[in-house]
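Residues in the sequence shown are numbered from 1 upward in steps of one, following full-length UniProt numbering. Note that CB positions come from ideal geometry on N, CA and C, so glycine has one too. The structure displayed is predicted, hence computed values, not measured ones. Working notes for the structure below.
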Amino acid sequence: MAITTEVPLSWSRQDIEQRFAFKGGRYTRVNTLLSILLGVILTVVFYALLIPLEGTFFADMFTRRGFIPYLICFFSFWSLSILFIKYRKLSFQKKSLVYIVVPSDTSFVLSSTTVDTVIDNIYECVDDPRHFVLFNRIIIALSNLRNLGRVTDVDEILRSQAVHDESSMETSYALLSGFIWAIPVLGFIGTVLGLSQAIGGFGKVLQTSEELSQIKTSLQGVTGGLATAFETTLQALIAALFIQLVLTFLKKSEEEFLDSCSEYCITNIVNKLRIMPFETQNDN
1 MAITTEVPLS WSRQDIEQRF AFKGGRYTRV NTLLSILLGV ILTVVFYALL IPLEGTFFAD
61 MFTRRGFIPY LICFFSFWSL SILFIKYRKL SFQKKSLVYI VVPSDTSFVL SSTTVDTVID
121 NIYECVDDPR HFVLFNRIII ALSNLRNLGR VTDVDEILRS QAVHDESSME TSYALLSGFI
181 WAIPVLGFIG TVLGLSQAIG GFGKVLQTSE ELSQIKTSLQ GVTGGLATAF ETTLQALIAA
241 LFIQLVLTFL KKSEEEFLDS CSEYCITNIV NKLRIMPFET QNDN
């Protein structure tokens, strides 16, 4: 259906990914290329902010502990970029709950003959219902009602689509779950590398130094390996914990949104359905 007027909810104009000229992910799915780009930018900005702090303990933790801290920062900022984009997309999806597309008149009955009224109201609210969780459910159910004329199938279709949306939501967090696993692993790899460096350096000290004063001086270089060992693990665990907490709150909010969509459909679609006489005859 062609859109000739500007609608309140325009996915093509208001979706955060579309606004940055990237292909928008379906519902709250995130465009991988955009999230990577944001992750790189945030990592570069973070290390730029560390330049004035050069020589401090905090800056040294990220710049003088090998390559592992750089990877931890990148994957952490990539994860946060995904979460931010998902948050913005979820906030946009929630706006659809405000619009009641079924006439509020108590005498209105939703049937195969009145489906077009509801569909027209949807297209007056959004430019493309397929990109909205709520309206996509309704369009699928009402299209079936218009084609087959059986109101008894609408509730089942809405429930089936709700299950599909929940499954889609779960899979949209798969990449983040992988990062939450990978970031601590990077920290442990940094620990192993740091301990290996420290132990190797200590062995060289014992082989080349004979005086106690020389040993003390040489051991100062060995402590750098120990710092790498423990600080990379600390960075990774803190980053993974923070990302997991943000993910948990966002996922809870998205689950509540899907529940609100189901409640909306029951209140405004299912409760408006009426079985027509010819359907009863066909069932018999």
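9 Å Cβ cutoff met for residue i and residue j
i: residue 118; j: residue 273; result: no
i: residue 97; j: residue 257; result: yes
i: residue 248; j: residue 194; result: no
Buried versus exposed call for residue i [16 or more other C-beta atoms within 10 Å across all chains shown]
i: residue 8; result: exposed
i: residue 131; result: buried
i: residue 252; result: exposed
i: residue 240; result: buried
i: residue 52; result: exposed
i: residue 154; result: buried
i: residue 196; result: exposed
Cα-Cα separation between residue i and residue j, rounded to whole angstroms
i: residue 170; j: residue 254; result: 10 Å
i: residue 156; j: residue 100; result: 21 Å
i: residue 114; j: residue 259; result: 26 Å
i: residue 120; j: residue 173; result: 34 Å
i: residue 4; j: residue 268; result: Residue placement at residue 4 cannot be trusted, given a pLDDT of 45 that sits under 50; the coordinates are not used to answer.
i: residue 58; j: residue 32; result: 31 Å
i: residue 189; j: residue 235; result: 12 Å
i: residue 63; j: residue 185; result: 19 Å
i: residue 108; j: residue 245; result: 45 Å
i: residue 44; j: residue 103; result: 52 Å
i: residue 38; j: residue 24; result: 15 Å
i: residue 105; j: residue 34; result: 45 Å
i: residue 90; j: residue 6; result: 22 Å
i: residue 127; j: residue 116; result: 16 Å
i: residue 50; j: residue 56; result: 9 Å
i: residue 54; j: residue 61; result: 10 Å
i: residue 125; j: residue 271; result: 22 Å
i: residue 238; j: residue 168; result: 29 Å
i: residue 164; j: residue 133; result: 11 Å
Own chain partners of residue i with C-beta closer than 6 Å, once the 5 adjacent residues on each side are dropped
i: residue 88; result: 16
i: residue 129; result: 122, 135, 136, 139
i: residue 1; result: The predicted model places residue 1 with a pLDDT of 42, which falls under 50 and marks its position as unreliable; any figure quoted below should be read in that light. Excluding positions up to five away in sequence, the list reads 123.
i: residue 162; result: 262
Sequence-distant residues of its chain with Cβ nearer than 8 Å to residue i (five each side left out)
i: residue 243; result: 76, 79, 80, 83, 176, 179, 180, 183
i: residue 14; result: 92
i: residue 74; result: 39, 40, 43
Reference residue i; option with closest CA among the options
i: residue 318; options: 21, 141, 29, 138; result: Outside the modelled stretch of the chain, which goes from 1 to 284, sits residue 318, for which no answer is possible.
i: residue 92; options: 68, 162, 19, 36; result: 19
i: residue 66; options: 109, 192, 158, 246; result: 192
i: residue 26; options: 40, 36, 39, 11; result: 11
i: residue 159; options: 264, 173, 109; result: 264
i: residue 110; options: 63, 142, 124, 231; result: 142
i: residue 40; options: 70, 246, 236, 196; result: 70
i: residue 187; options: 64, 163, 86, 68; result: 68
i: residue 166; options: 46, 262, 247; result: 262
i: residue 47; options: 23, 36, 72, 24; result: 72
i: residue 85; options: 271, 22, 127, 270; result: 22
Proximity test, residue i beta-carbon vs the ligand GTP heavy atom, cut-off 8 Å
i: residue 150; result: Absent from the structure shown: the ligand GTP. Ligands present: none.
Contacting residues, own chain, Cβ-Cβ under 7 Å from residue i (five flanking each side not counted)
i: residue 95; result: 9
i: residue 266; result: none
i: residue 36; result: 78
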